[in-house]
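Each residue of the sequence shown is one higher than the one before, counting from 832 in our numbering. A virtual CB, placed ideally from N, CA and C, is assigned to each residue, including glycine.
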Amino acid sequence: MDSLQQRSSTVQEPPGVASAHRPTPPPAWQPRTDPTPLLPDTEPLRVLGTDAVADADPALLLRLYAELIRGRRYNTQATALTKQGRLAVYPSTTGQEACEIAAALALEERDWLFPSYRDTLAAVTRGLDPVQALTLLRGDWHTGYDPREYRIAPLSTPLATQLPHAVGLAHAARLKGDDVVALAMVGDGGTSEGDFHEALNFAAVWQAPVVFLVQNNGFAISVPLAKQTAAPSLAHKAVGYGMPGRLVDGNDAVAVHQVLTEAVARARRGGGPTLVEAITYRIDAHTNADDATRYRAAGEVEAWRAHDPILILERELTERGLLDEDGRREAAEAAEAMAAELRERMNAEPVLDPMDLFSHVYAEQTTQLREQAAQLRAELEAEGEA
């Protein structure tokens, strides 16, 4: 017992002595950057319903409205296709369309979009064929489109793995002198992944021209945000990496477009990355395989329906005299024509070649892959002969 007390006393400092012999940290511990300019606002930025909307371009407002109407119809049609067995799964963005559309429209043609599995609407808004956007979710191909042609990375089913890829492409573009910005989309659930940390850390260190858009729709499948993080907001996480954090009303299409456009412009002129958190809500279930009633109340969903991105933009356009019944009908008819074509093309049975399983896996097939391909080819030939 005496020896234990003696050992303990060697690591205990007498009162008032610690400060006398403990050295002061050298200047290197000081913050590398002033955190104040990096902090997000205390409230999400809003434009619709405020005085700031007077400065918005009417042509942009009408474009956003037409895209929102088309996006909502795209979501309902894709959801219906799952019930008809034409899609294996569909993660709807109903209620989140403002984020999807603003992300696509904030980019120049030369820029790159890095979507998550839920961001098919962003890809379609950027110009991707709606059927090609759904090919992965149909189970036909791994991607279904040429990423280089559209400057859209493959839809990422694993959470947040697209974020380091976006940083790598943006960093490489800057090293080559290319005037390119990457915009990476992720959900609030993805911010709990290690890839999120690695991507933001390297993006800030390299000052890569990349913008991170977090669509905070409240739930990572069934896990509410409060059980994922104790941070004041997800935008606050930006400060720890040394980049600005922006907080925006994700259902205000004009505000999201403004914030993302500013972040893209900042990245393009060499200002480095930005983390944007858009506060939105997933009206539909996580996917068609999910029962959202088990973890959220109907009243919560209805409260968010009153803040629908289409509703609040339509109200603004109507009050300003920019939208009438003819304009509503024109937008609805264009959206219905898109849905009808999508429905017709998705109802056609795809012609698939099983040997495509071995295409685009490696630039040069490995010995094992060639053996597997030969085995499958032999089995298909045997079935054909039978």
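Once DSSP output is grouped into helix, strand and coil, what is the label at residue i?
{"i": "D819", "result": "Residue 819 lies beyond the range of the chain shown here (832 to 1217); nothing can be said about it."}
{"i": "G1215", "result": "helix"}
{"i": "N1048", "result": "coil"}
{"i": "P1055", "result": "strand"}
{"i": "V1182", "result": "coil"}
{"i": "V1192", "result": "coil"}
{"i": "T951", "result": "helix"}
Identify which residue in the options has its Cα closest to the Cα of residue i.
{"i": "L1188", "options": "M1177, L1207, E1195, A1171", "result": "L1207"}
{"i": "G958", "options": "G970, H973, R941, D971", "result": "R941"}
{"i": "L1014", "options": "A1179, V1041, K1058, A909", "result": "V1041"}
{"i": "R969", "options": "L990, A997, E1180", "result": "E1180"}
{"i": "R1176", "options": "D960, T925, L895, D888", "result": "D960"}
{"i": "P989", "options": "Q963, R1201, G1025", "result": "G1025"}
{"i": "A1001", "options": "V1095, G975, S1023", "result": "V1095"}
{"i": "A1168", "options": "A1004, T873, G902, H1088", "result": "G902"}
{"i": "Q1139", "options": "V1107, D1083, Q1059", "result": "A small correction: the amino acid at residue 1139 is Asp; Gln does not occupy that position in the sequence shown. Taking only the C-alpha atoms, the option nearest D1139 is D1083."}
{"i": "L944", "options": "A997, P922, G916", "result": "A997"}
{"i": "R904", "options": "R1201, V1192, L1173", "result": "L1173"}
{"i": "D1009", "options": "A933, F1050, R1100", "result": "R1100"}
{"i": "P978", "options": "H1191, W1037, Q1199, T1060", "result": "H1191"}
{"i": "W1135", "options": "D888, T1022, D1080, R1201", "result": "D1080"}
{"i": "P985", "options": "V1011, T956, P946", "result": "P946"}
{"i": "Y921", "options": "A1137, A1204, A1120, V1132", "result": "A1120"}
For residue i, which residues of its own chain have a beta-carbon under 7 Å away from its beta-carbon, when the five flanking residues on both sides are left out?
{"i": "V1070", "result": "P866, L869, L870, G1076"}
{"i": "L918", "result": "A909, L912, L965, L968, R969"}
{"i": "A1035", "result": "Y1072, G1073, M1074, G1103, P1104"}
{"i": "N1048", "result": "Q927, G1018, D1019, T1111, Y1112, R1113"}
{"i": "E898", "result": "I932, T956"}
With 16 as the cutoff for other CB atoms within 10 Å, does residue i come out buried or exposed?
{"i": "D950", "result": "buried"}
{"i": "E1195", "result": "exposed"}
{"i": "L1211", "result": "exposed"}
{"i": "E1156", "result": "exposed"}
{"i": "V1017", "result": "buried"}
{"i": "L1142", "result": "exposed"}
{"i": "A953", "result": "buried"}
{"i": "Y1126", "result": "exposed"}
{"i": "I983", "result": "buried"}
Strictly under 8 Å for the Cβ-Cβ distance: is residue i near chain C by that measure?
{"i": "T924", "result": "Of the protein chains in this structure there is only one, and it is not chain C."}
Can you name, in chain order, every residue of its own chain whose Cβ lies under 8 Å from the Cβ of residue i, other than the five neighbours on each side?
{"i": "G1215", "result": "none"}
{"i": "L835", "result": "Because L835 carries a pLDDT of 44, less than 50, the predicted location of this residue cannot be relied on, and the following value inherits that uncertainty. Cβ within range, chain order: n/a, list empty."}
{"i": "Q963", "result": "G975, Y976"}
{"i": "T907", "result": "T925, A1170"}
{"i": "L893", "result": "L1148, L1153, L1154, G1158"}
{"i": "A1222", "result": "A question about residue 1222 goes unanswered here, because the residues of the chain that appear run from 832 up to 1217."}
Leaving out five residues on either side along the sequence, give the residues of the same chain with a beta carbon under 6 Å from the beta carbon of residue i.
{"i": "E1029", "result": "P995"}
{"i": "L891", "result": "none"}
{"i": "V955", "result": "P961, A964"}
{"i": "S923", "result": "N906, T910, D1115"}
Exercise for the section: Could you name each continuous alpha helix (DSSP H) segment of 4 residues or more that falls completely within the region 873-946, going from the start of the chain to the end? Expected result: Correct list: 889-914, 928-936.
Practice task
Would you list, in sequence order, the uninterrupted alpha helix (DSSP H) runs of no fewer than 4 residues that lie entirely inside the region 1073-1134?
Solution key: 1084-1099
Problem - beta strand (DSSP E) runs wholly inside the region 959-1037, at least 3 long, in chain order - result: 1013-1018
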